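Chemist: I'd like to ask some things about the structure below.
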Amino acid sequence: MDDLRRLCIGLFIILLLFKPTLQQTQIVKLSSRIERVALLQLRSSLGLRSKDWPIKADPCSVWVGIQCQNGKVTGINISGFKRTRIGSQNPQFNVDSLALFSGLLEFNASRFLLPGSIPEWFGQRLRNLQVLDLRGCSVVGAIPPSLGNMTSLSDLYLSGNDLTGMVPDSLGQLSSLSILDLSRNGLTGVIPSSFGSLGNLTLLDMSVNYLYGTIPPAIGALSKLEILNLSSNSLSSSIPSQLSDLSSLVDLDLSLNSFSGSVAPDFRALSNLQKMVIGRNQLSGSLPNNMFAPLIQLQFIVLSHNNFTGEIPGILWSMPSLSFLDASANNFTGILPNLSFVPGANSAVFNLSRNMLYGGLTTVVRRFSFIDLSNNYFQGKVPDYARSNASLAKNCLRDQSSQRATSPCASFYAERGLSFDNFGLPNATQPPPKPHKNSHKKLIILAAVLGSVGLIAVIIIVLVLLIVCTRKGAANSQRGNVVEPVPTSASPPPGVSLNFSSLGEGFTYQQILQATSNFTDADLIKHGHSGDLFRGILEGGISVVIKKIDLNFVKKEAHMQELDFFSKVSHPRLVPLLGHCLDNDNDKYLIYKYMPNGDLSSSLYRKTQSEDDSLQSLDWITRLKIATGAAEALSYLHHECTPPVVHRDVQASSILLDDKFEVRLGSLSEICAQEGESSQSRITRLLRLPQSSEQGATGGTPAATCAYDVYCFGKVLLELVTGKLGLSASTDATMKEWLESTLPYISIYDKELVTNIIDPSLIIDEDLLEEVWAMAIVSRSCLNPKPARRPLMRYILKALENPLKVVREESTGSARLRTTSSRASWNANVFGSWRTSSDVAAVPAAATSNKMEGANSFKRSGTSGSQGSGQNHGGDHSSSYRRQQSRDIFPEPLDEENLERQHED
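According to mature numbering (1 follows the signal peptide of the UniProt record, and there is no 0), the stretch in the sequence shown is residues -23 to -1, 1 to 882, in order.
Set out below in structure tokens:
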């Protein structure tokens, strides 16, 4: 009986627990016939798949993204849905049936293609709507003023579209609004003062638009505002002091505008601020120490590219929560403080380059995981603790490479009445002591002997090469294949006209002036080495970038070289050329598609678009996506064009990013065909004067070889891994020392080593760490000082597409990968499974048996397949040559003994 009683009690409790669930199940079904018809109409007009919305099933209980209450639809979420094949052929913003849902509270169509404008009736028929999410839907046109009637709206997301026109004042009527995201569009005009009435607003993001004017003081009334992002606009004047009233502000981004004047010291009232980004403006003056003292929660500060003067506020050196500070490219001066320990701050990253800091290096350098002090005026000896975590190029330091000359250092210290140690020499006016007479004679004799031996060696090498090349030439002539020299310039031959029909639209000079507002400074993006880049808006609201080429400062064939390239080459990874204007004699204009996310150099530390906004920089998935896209573009140029095309300007600023962070390779003014591999050119290269392997023959011109592109791409990969700003744009001299201290942490044998150089702002788990490790390994291989030992770009692309194959090898086992040290096994494990015999035996285009189809043509090769797959050059090469090539493609890592020895040192 007791057991039966216990069983009954248990069943009764279970019924009580499941009673609410049973009641909810009873009200799940859709009861409104009108709303069912409306859902079917929406399913048809948007081309939704039956997989997501099965026609015979009940929408409330089965359809994905449908929320119901009391038998009526309250929420529709089609975010990320795919259309049917027929629906995707002609997608439209056709959602008229939404007006039939009287109780609709949420409509989320983010990342669902809705080309068209927002209907005017939205604000009239959807007044109960609380959430409207249209992020990344390709919506065009203006924001309808009627949206101001949706007074119940709490979240309004319209970012990542092509919206144009002015922001309507009526949005200030949305008193319940908590989130307003209008970023990454083409909106113009001023920020409405009516926004001061949005008392419940916690997030206001209007970044990456064309807004101008000032920040209205009424914004200071938004007492609940936590995130304010107005970056990448044309806002000007001073930063209003009313921003200090935003007591709840956590994240402030005003970068990439034209703000001037000083920063209001009243910012000290923002006690909750964690992120302050005011870089790339025209701000000036000194920053008082009491401005930052109350901001104890600050974690991320960007002050770069302004005109700040005076000393860096001392409080910034000792703030335990501060993990990132970029104060580069200002006029800060003063000496480093003497701090040896700051609790919780040992992982901070500071960038203080390109200022006027001076004096000796102090113990404060110990507190950072990395600090960039390059391009300043530090003097004295470099302490041991500053050699592993500091970039020190372009200073006045003793016994250090890549420093300033004596004259500018001495002048700097003399102007300020300071003493200069003259690089450790006892007296600047006394010449160094002369060498002993006998030792001088010995040096002359030794130099003569070595010179004679070297001359004999050069003569022998030249004779051997002449014999080898003569035999190869005879073999080629016997096969009847003619190899023409590869051109080193992409300029069209004289007298040959371009096919302008493939170069977009021809614009008049008046259209160009109208698009750029007469080339005002507010529309200037940057000064490029081949021309100035301006933002512009064509008729119809199309956002573009216009390059103004002044022929008084640039060679006259520069624009023709780029036009010739675009007339013969097309690829989705290259920045689209929309048109040109060649009317003027002195100025030429090229019009490109506008890239909303700018370039990699400006996007690496910009706020991500995730809802929680937890990351302070680009996440790892996006970084890997960018690296793969750039590799795909370069693989196309190197392996699918005949002759191979060399970019010659591969760096973070050349990698442009659209609204989805897809790569479009830009900076194509230096592009040219790869240098030939004829016998004469080989001998000529042997007889050249010694120089950097990454420089051209004269004047520091970039080398016209694919290996040079690979080297530069390796710096881009290392910048993505370490987060070191400006690495890919630096020269060999400025980065040599940093590379020497960084590359030992990249080893195929030890994954944990790479954690010492990873960007501290990255948040990665164990699986993603292996991908970071793999990219670092590929980067190190690209940076081999010997061009012949660098991997081909098609192998790099495959490595980035399958990063885990670099560090895992299922066919041979990871144990072998980590225990062997021979070069052959290193290459076989890393890339052996991706190479075919013909791939490994591939030779430069000038040495293949394929006949060139014109000395100046850039043409797709006949190979099939995407992603830059290798050409099949047949079986004319011996197996011994294949083995030699496979060993030279990838450099081996440091031996474990050498690696340990470096760390002990």
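Ideal Cβ placement from N, Cα and C applies to all residues, glycine included.
This structure is a prediction, so every number in the text was calculated from the model and none was measured.
#1: Assuming HIS615 is part of the alpha helix (DSSP H), what are its boundary residues?
#2: LEU299 to VAL279, Cα distance in whole Å?
#3: Since LEU23 is in the alpha helix (DSSP H), which residue starts that stretch and which ends it?
#4: Is it buried or exposed, VAL435, if we count other Cβ atoms within 10 angstroms and call 16 or more buried?
#5: Go to ARG102, then tell me how far its beta strand (DSSP E) extends in each direction, as first and last residue.
#6: Please look up how many angstroms separate the CB atoms of LEU82 and THR61, rounded, as I've assumed it's under 8 Å.
#7: Using 8 Å as the cut-off, can you tell me whether the stretch 484 to 492 makes contact with the stretch 501 to 508, which would need three or more C-beta pairs spanning the two stretches below that distance?
#8: Counting C-beta neighbours from all protein chains within 10 Å, is the total for residue 886 16 or more, i.e. buried, or is it exposed?
#9: Locate the beta strand (DSSP E) running through PHE285, then write down its first and last residues.
#10: Taking the alpha-carbon positions, what's the ASP158 to LEU501 distance?
#11: Determine, using beta-carbon pairs with one atom in the stretch 164 to 175 and one in the stretch 535 to 548, whether at least three such pairs fall under 8 Å.
#12: If you reduce the DSSP assignment to three classes, tell me which class THR719 lands in.
#13: What first and last residue would you give for the alpha helix (DSSP H) that runs through TYR335?
#14: With three or more beta-carbon pairs closer than 8 Å as the criterion, would you say the stretch 730 to 737 touches the stretch 757 to 766?
#15: What residue range is occupied by the uninterrupted beta strand (DSSP E) comprising MET143?
#16: In three-state terms, what does DSSP make of LEU781?
#17: Using three-state DSSP, classify GLY852 as helix, strand or coil.
#18: Ignoring anything shorter than 4 residues, give me the alpha helix (DSSP H) runs that lie fully in the stretch 533 to 586, in order along the chain.
#19: Going by beta-carbon coordinates alone, are LYS565 and VAL521 separated by less than 8 Å?
#20: Between the C-alpha atoms of GLN150 and SER129, what's the straight-line distance to the nearest angstrom?
#21: With distances taken Cα to Cα, identify the nearest neighbour of PHE70 among TRP30, PHE327, ASN162 and LEU111.
#22: Going by beta carbon distance, what residues of the same chain come within less than 6 Å of SER799, once the five residues before and after it are set aside?
#23: If distances are taken between C-alpha atoms only, which option among CYS45, SER22, GLY48 and LYS6 comes closest to LYS33?
#24: Pop quiz: CYS114 and PHE89 are said to be a contact at Cβ under 8 Å. What is the actual Cβ separation, rounded to whole angstroms?
#25: With distances taken Cα to Cα, identify the nearest neighbour of THR605 among LEU293, TYR772 and GLY431.
#26: Between which residues of its own chain and GLN219 is the CB-CB distance below 6 Å, once the five residues before and five after are set aside?
#27: Based on Cα-Cα distance, which residue from PRO271, GLY691 and GLU696 lies nearest to SER578?
#28: Should the stretch 678 to 693 be regarded as contacting the stretch 344 to 356, the criterion being three or more beta carbon pairs within less than 8 Å?
#29: Run the CB neighbour count on GLN66, radius 10 Å, all protein chains shown included, and call it buried at 16 or more, exposed below.
#30: Assuming contact is defined by CB atoms lying nearer than 8 Å, are ASN234 and ASN258 in contact in what I supplied?
#31: So what does ILE523 bridge to, in DSSP terms?
#32: List the DSSP bridge partners of LEU302.
#33: Can SER8 and GLY42 be called in contact, C-beta distance under 8 Å?
#34: Might you give, ordered along the chain, the residues of its own chain that have their beta carbon closer than 6 Å to the beta carbon of SER263, omitting 5 neighbours on each side?
#35: Just mark PRO469 as buried or exposed, buried being the case when its beta carbon has 16 or more other beta carbons within 10 Å.
#36: What residue range does the beta strand (DSSP E) around ASP132 cover?
Modeler: Based on what the coordinates show:
#1: In the sequence shown, counting from the first residue as 1, residue 615 sits at position 638. Counting along the chain, the alpha helix (DSSP H) containing HIS615 begins and ends at 597 to 616.
#2: The residue given as residue 299 occupies position 322 in the sequence shown. The residue given as residue 279 occupies position 302 in the sequence shown. Here the alpha carbon of LEU299 sits roughly 11 Å from the alpha carbon of VAL279.
#3: Counted from its first residue, the sequence shown places residue 23 at position 46. Secondary structure note for LEU23: its alpha helix (DSSP H) is the uninterrupted segment 10 to 23.
#4: Here residue 435 corresponds to residue number 458 of the sequence shown, with the count starting at 1. VAL435 counts as exposed, since fewer than 16 other beta carbons sit within 10 angstroms of its beta carbon.
#5: The residue given as residue 102 occupies position 125 in the sequence shown. Counting along the chain, no beta strand (DSSP E) covers ARG102; the unbroken alpha helix (DSSP H) around it starts and ends at 99 to 102.
#6: Locating residue 82 in the sequence shown gives position 105, where the first residue counts as 1. Locating residue 61 in the sequence shown gives position 84, where the first residue counts as 1. With 8 Å as the limit, LEU82 and THR61 do not qualify as a contact, their Cβ atoms being about 27 Å apart.
#7: Put simply, the stretch 484 to 492 does not touch the stretch 501 to 508. Fewer than three CB pairs are less than 8 Å apart.
#8: With the chain covering only -23 through 882, there is no way to say anything about residue 886.
#9: For the purposes of this step, residue 285 is identified with residue 308 of the sequence shown, where counting begins at 1. That run of the beta strand (DSSP E) goes 284 to 286.
#10: The residue labelled residue 158 in the question sits at position 181 within the sequence shown. The residue labelled residue 501 in the question sits at position 524 within the sequence shown. Roughly 25 Å separates the two Cα atoms.
#11: By the C-beta criterion, the stretch 164 to 175 is judged not to be in contact with the stretch 535 to 548, since fewer than 3 inter-stretch pairs fall below 8 Å.
#12: Counting from 1 along the sequence shown, the entry for residue 719 is found at position 742. The three-state reading of DSSP puts THR719 in helix, counting H, G and I together.
#13: For this step, residue 335 is matched to residue 358 along the sequence shown. Per DSSP, TYR335 lies in no alpha helix (DSSP H); the unbroken beta strand (DSSP E) holding it starts and ends at 333 to 336.
#14: Between the stretch 730 to 737 and the stretch 757 to 766, the count of Cβ pairs shorter than 8 Å is below three; the stretches do not touch.
#15: The residue given as residue 143 occupies position 166 in the sequence shown. Element bounds for MET143: 139 to 143.
#16: To locate residue 781, count along the sequence shown from 1; it is residue 804. Looking at LEU781 - three-state DSSP - the assignment turns out to be helix.
#17: Residue mapping note: residue 852 aligns to position 875 of the sequence shown, counting from 1. The pLDDT assigned to GLY852 is 35, lower than 50, so where the model puts this residue is not dependable; a value taken from the coordinates is nonetheless given after this. Taken through DSSP and simplified to helix, strand or coil, GLY852 comes out as coil.
#18: Correct list: 535 to 545 and 577 to 580.
#19: Position 588 of the sequence shown, counting from 1, holds the residue named residue 565. Position 544 of the sequence shown, counting from 1, holds the residue named residue 521. The Cβ atoms of LYS565 and VAL521 do not sit closer than 8 Å to each other.
#20: Counted from its first residue, the sequence shown places residue 150 at position 173. Counted from its first residue, the sequence shown places residue 129 at position 152. When rounded, the distance between both Cα atoms is 10 Å.
#21: Here residue 70 refers to the residue found at position 93 of the sequence shown. Measuring from the Cα of PHE70, the nearest candidate turns out to be LEU111.
#22: Here residue 799 refers to the residue found at position 822 of the sequence shown. Only weak support exists for where SER799 lies, its pLDDT of 36 falling under 50; the value from the coordinates is given anyway. Closer than 6 Å at Cβ, skipping near neighbours: no residue.
#23: One-based indexing of the sequence shown puts residue 33 at position 56. By alpha-carbon distance to LYS33, the top candidate from CYS45, SER22, GLY48 and LYS6 is LYS6.
#24: Within the sequence shown, the letter at position 137 stands for residue 114. Within the sequence shown, the letter at position 112 stands for residue 89. With a Cβ gap of about 6 Å, CYS114 and PHE89 count as contacting.
#25: Within the sequence shown, residue 605 is the residue found at index 628, counting from 1. For the options LEU293, TYR772 and GLY431, the alpha carbon positioned closest to that of THR605 is the one of TYR772.
#26: For this step, residue 219 is matched to residue 242 along the sequence shown. Contacts found: PRO194 and GLY197.
#27: Here residue 578 is taken as the residue at index 601 of the sequence shown, counted from 1. For SER578, the nearest C-alpha among the options comes from GLU696.
#28: In this structure the stretch 678 to 693 does not touch the stretch 344 to 356; the number of beta carbon pairs closer than 8 Å is below three.
#29: Numbered from its first residue, the sequence shown carries residue 66 at position 89. Exposed, by the Cβ-count rule.
#30: Here residue 234 refers to the residue found at position 257 when the sequence shown is read from its first residue. Here residue 258 refers to the residue found at position 281 when the sequence shown is read from its first residue. For ASN234 and ASN258, yes; Cβs fall inside 8 Å.
#31: Taking the sequence shown and counting its residues from 1, one reaches residue 523 at position 546. DSSP lists PHE511 and ILE568 as partners of ILE523.
#32: The residue labelled residue 302 in the question sits at position 325 within the sequence shown. Looking at the DSSP assignment, LEU302 forms a beta bridge with ILE278 and PHE327.
#33: Along the sequence shown, read from residue 1 onward, the residue named residue 8 stands at position 31. Along the sequence shown, read from residue 1 onward, the residue named residue 42 stands at position 65. Going by C-beta atoms, SER8 is not nearer than 8 Å to GLY42.
#34: Here the question's residue 263 lines up with position 286 in the sequence shown. Answer for SER263: THR286 and GLY287, listed in chain order.
#35: On the sequence shown, position 492 is the one that residue 469 refers to. Residue confidence for PRO469 is low, a pLDDT of 44 falling below 50, so the modelled location carries little weight and cannot support an answer.
#36: Translated into positions along the sequence shown, residue 132 becomes position 155. ASP132 -> beta strand (DSSP E) spans 132 to 134.
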